[in-house]
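This report refers to the structure that appears directly beneath it.
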Amino acid sequence: MTVESDRKRKTILVVDNSPEEITALRSILGQNHLIRSVVNGKVALEAATREPVPDLILLDVMMPEMEGFAVCRQLKTDQRTRDIPVIFMTGTPHEADDFLGLELGAADYLSKPFSAPILRARVKTHLELRQAILANHCRNRRPSAMTPPLADGDRSTETGTVLIVDDALESIDVIRKALSAHFQILVATNGRMALKVARQTQPDVILLDILMPDLDGYETCKQLKSIPGIADIPILFLTAKGDSEDETRGLALGATDYIRKPSRASIVLARVRNTYDLLIARRELEKRNRELEEALKIREDVERMVRHDLKGPLAGIIGAPELLMEDANLTDGQKALLKMITRSGYTLLEMINRSTDLIKMESGHYTLQRQFFDIHEKIRKILADLQISISSKNIQAIIRNGSGSGSRDEFLVSGEKMLCYPMLYNLLLNAVEASPHDGVVEVTLYHRGDHDEIRITNSGAVPEEIRQRFFEKYVTSGKKMGTGLGTYSAWLVAKTHGGDVSLDSSREGMTTVTVRLPAFDPTQPQES
1 MTVESDRKRK TILVVDNSPE EITALRSILG QNHLIRSVVN GKVALEAATR
51 EPVPDLILLD VMMPEMEGFA VCRQLKTDQR TRDIPVIFMT GTPHEADDFL
101 GLELGAADYL SKPFSAPILR ARVKTHLELR QAILANHCRN RRPSAMTPPL
151 ADGDRSTETG TVLIVDDALE SIDVIRKALS AHFQILVATN GRMALKVARQ
201 TQPDVILLDI LMPDLDGYET CKQLKSIPGI ADIPILFLTA KGDSEDETRG
251 LALGATDYIR KPSRASIVLA RVRNTYDLLI ARRELEKRNR ELEEALKIRE
301 DVERMVRHDL KGPLAGIIGA PELLMEDANL TDGQKALLKM ITRSGYTLLE
351 MINRSTDLIK MESGHYTLQR QFFDIHEKIR KILADLQISI SSKNIQAIIR
401 NGSGSGSRDE FLVSGEKMLC YPMLYNLLLN AVEASPHDGV VEVTLYHRGD
451 HDEIRITNSG AVPEEIRQRF FEKYVTSGKK MGTGLGTYSA WLVAKTHGGD
501 VSLDSSREGM TTVTVRLPAF DPTQPQES
């Protein structure tokens with residue numbers, strides 16, 4: 001397992017004083033998750049705040065010194081850990097204990113001995129719920145399984161619909177009593193009726209009994225999952241059996257979880273609420289994604305119009321010097337100045353044409369066209385384009401090969417040439433503008449094994465109040481016409497290359513910006 005794949009796996013903290021239970025949990029969950037374990041509650045409180053911070057906590061109820069309820073209470077009152085979902089593990093389930101644990105803020109209960117399919121399914125549900133809620137930034141906007149259950153009066157906005165499918169009327173009554181204060185309840189007493197009701201009403205959650213005459217729960221589930229518009233409705237199986245093979249079969253058909261019959265009312269409510277909350281969080285995330293896609297399209301349309309409007313005047317700026325160059329009376333200095341204006345015009349035109357690429361990079365939709373190129377040559381060209389600004393402030397501009405190897409005037413890097421140009425242009429322009437008169441702008445190039453560095457140092461210090469936000473969007477200081485987009489776009493380009501960019505203002509009166517790009521690798525194919 002690589003370090004990178006470890007970062008992608010969610011971290012689960014197991015709190016149990018039984019080494020055998022920890023080993024069992026590790027064997028069931030360890031392949032897909034990072035498992036940390038502690039054997040008592042006091043150590044758990046400290047472990048929950050230590051990196052990597054757990055994404056989920058599996059907490060045994062009965063432990064010496066500090067029982068699970070006390071641990072949960074402290075976790076839920078600590079700002080750092082209160083949003084981490086907690087699932088209690090117990091070998092002696094009781095209604096009173098269920099109610100207390102859920103009231104303290106636990107998300108669910110697991111009964112010992114563990115059923116591997118159910119354990120995996122329940123862990124998956126709570127990790128997905130946490131991820132979806134964090135993605136939506138809605139922890140403070142709506143109730144979730146990560147916060148203590150609210151009083152009935154606080155649930156007035158709940159509009160979820162639950163379809164109960166069971167041929168036993170007594171079982172329906174028990175579940176209805178557990179849920180009716182929080183959900184609208186629909187009932188079907190057999191599988192065929194369930195299919196009809198689901199098509200007509202499209203409930204949010206379906207509770208489906210397995211053992212029914214004519215059409216059993218498995219076949220009903222299979223048919224529900226084949227109906228467009230119905231297939232995504234989460235299904236929780238109701239079963240009096242505890243057979244691991246049956247559970248595996250149901251989950252393979254697309255069920256979300258199982259509820260054992262008979263089950264305590266608090267557990268039924270918690271499990272349905274968890275499932276419903278995950279459904280709502282996913283819907284919200286899908287809605288936001290659609291809105292972002294629409295906003296991105298509008299933004300691209302606006303950018304396209306702006307580019308069109310800019311190109312007209314820019315054509316005049318580029319064309320005028322070319323006409324003036326035909327004058328035979330021009331001095332060499334005047335010709336050089338006109339060539340610089342023309343070159344700068346074409347540079348600006350290229351940047352305008354590339355502006356849409358920044359939008360694609362922000363949204364993660366940009367496809368990098370990597371190639372080998374000499375960045376030393378690019379930097380020389382940029383400094384030539386900036387020569388008017390450099391000369392007006394009498395700045396000394398220097399390029400150094402800090403690696404001390406290879407041709408002094410060649411420094412090959414791997415990247416997209418047409419993206420690296422505006423990145424370095426923005427950073428060098430920023431350095432020139434920030435440097436005082438008679439200052440120095442020095443560019444030093446380094447090969448560092450797995451990456452290459454472009455280090456830009458200039459006289460003048462970045463104001464302390466913006467150092468932590470230097471590469472954020474719209475952050476600027478001391479520039480009347482500054483937009484705060486130059487350093488941000490440079491950061492974006494570096495990230496798109498799989499590199500990064502950093503700021504160092506530790507030397508008094510000096511500023512260094514370092515760009516790191518993946519190293520030149522002659523064995524790898526590149527774009528021509």
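Okay, so the sequence shown: first residue is 1 according to the working numbering, each after it adds one.
All residues carry an ideal CB built from backbone N, CA and C; glycine is no exception.
These numbers come from a predicted model, not from an experiment.
Classify residue i: buried if its beta carbon has 16 or more other beta carbons within 10 angstroms, exposed otherwise.
i           : result
residue 220 : buried
residue 486 : buried
residue 27  : exposed
residue 12  : buried
residue 319 : exposed
residue 49  : exposed
residue 151 : Low local confidence applies: a pLDDT of 37 at residue 151 is under 50, so the model's placement there is unreliable, with the coordinate-based value given in what follows. Exposed is the call here.
residue 286 : exposed
residue 388 : exposed
residue 207 : buried
residue 53  : exposed
residue 226 : exposed
residue 125 : buried
residue 68  : buried
residue 44  : buried
residue 292 : exposed
residue 78  : exposed
residue 80  : exposed
If residue i sits next to residue j, beta carbons under 8 Å apart, how far is it from one beta carbon to the other, in whole angstroms?
i           : j           : result
residue 187 : residue 275 : Going by Cβ atoms, the distance from residue 187 to residue 275 rounds to 18 Å, so no, they are not a contact pair.
residue 519 : residue 449 : 7 Å
residue 85  : residue 56  : 5 Å
residue 209 : residue 165 : 6 Å
residue 378 : residue 421 : 6 Å
residue 87  : residue 102 : Their Cβ separation, rounded to whole angstroms, is 11 Å, which puts residue 87 and residue 102 out of contact at 8 Å.
residue 214 : residue 191 : 7 Å
residue 24  : residue 114 : 6 Å
residue 469 : residue 505 : Their Cβ separation, rounded to whole angstroms, is 13 Å, which puts residue 469 and residue 505 out of contact at 8 Å.
residue 72  : residue 106 : 6 Å
Excluding the five sequence neighbours on either side, which residues of its own chain have a C-beta within less than 7 Å of the C-beta of residue i, listed in chain order?
i           : result
residue 406 : Reliability fails at residue 406, whose pLDDT of 46 lies under 50, so the model's placement of it is uncertain and no value is given.
residue 434 : 458, 460, 511
residue 436 : 459, 460
residue 325 : 335, 338
residue 197 : 163, 186, 188
residue 322 : 342
residue 203 : 161, 162, 163, 186, 233
residue 20  : none
residue 100 : 69
residue 116 : 28, 244
So what does residue i bridge to, in DSSP terms?
i           : result
residue 510 : 459
residue 415 : 371
residue 504 : 512
residue 209 : 238
residue 397 : 441
residue 31  : BP columns for residue 31 are empty, so no partner.
residue 260 : 239
residue 164 : 187, 207
residue 518 : 451
residue 176 : The partner list for residue 176 (beta bridge, DSSP) is empty, contrary to what the question assumes.
residue 366 : None; residue 366 has no bridge partner.
residue 38  : 15
residue 56  : 12
residue 87  : 58, 108
residue 446 : 453
With a threshold of 6 Å on Cβ separation, who are the neighbours of residue i within its own chain once the five nearest residues in sequence on each side are excluded?
i           : result
residue 347 : 385
residue 502 : 514
residue 517 : 413, 415, 452, 497, 499
residue 33  : 9, 10, 12
residue 427 : 456, 490, 513
residue 178 : 265, 268, 269
residue 250 : 237
residue 261 : 238, 240
residue 144 : At residue 144 the pLDDT is 38, less than 50, meaning the model places this residue with poor confidence; the figure from the coordinates comes in the next sentence. Taken in chain order, the residues that qualify are 133, 277.
residue 333 : none
8 Å is my cut-off, CB to CB: does residue i come that close to chain B?
i          : result
residue 59 : As a matter of chain content, chain B is missing from the structure shown, which is built from one protein chain.
Below 8 Å CB to CB, which residues in the same chain sit around residue i once its five sequence neighbours on both sides are set aside?
i           : result
residue 357 : 366, 419
residue 17  : 39, 40, 60, 63, 64
*asked:* So, does the segment 437-446 touch the segment 393-401, judging by three or more C-beta pairs under 8 Å?
replied: Between the segment 437-446 and the segment 393-401, the count of Cβ pairs shorter than 8 Å is three or higher; the stretches touch.
*Could you tell me whether the segment 276-283 touches the segment 236-249, where touching means 3 or more Cβ pairs closer than 8 Å?*
By the C-beta criterion, the segment 276-283 is judged not to be in contact with the segment 236-249, since fewer than 3 inter-stretch pairs fall below 8 Å.
*Please confirm if the segment 253-266 is in contact with the segment 222-242, defined as three or more CB-CB distances below 8 Å between the two stretches.*
They touch, by the three-pair rule.
*Counting pairs of Cβ atoms below 8 Å between the segment 363-375 and the segment 330-344, do you hit three or more?*
Counting Cβ pairs under 8 Å, fewer than three are found: no touch.
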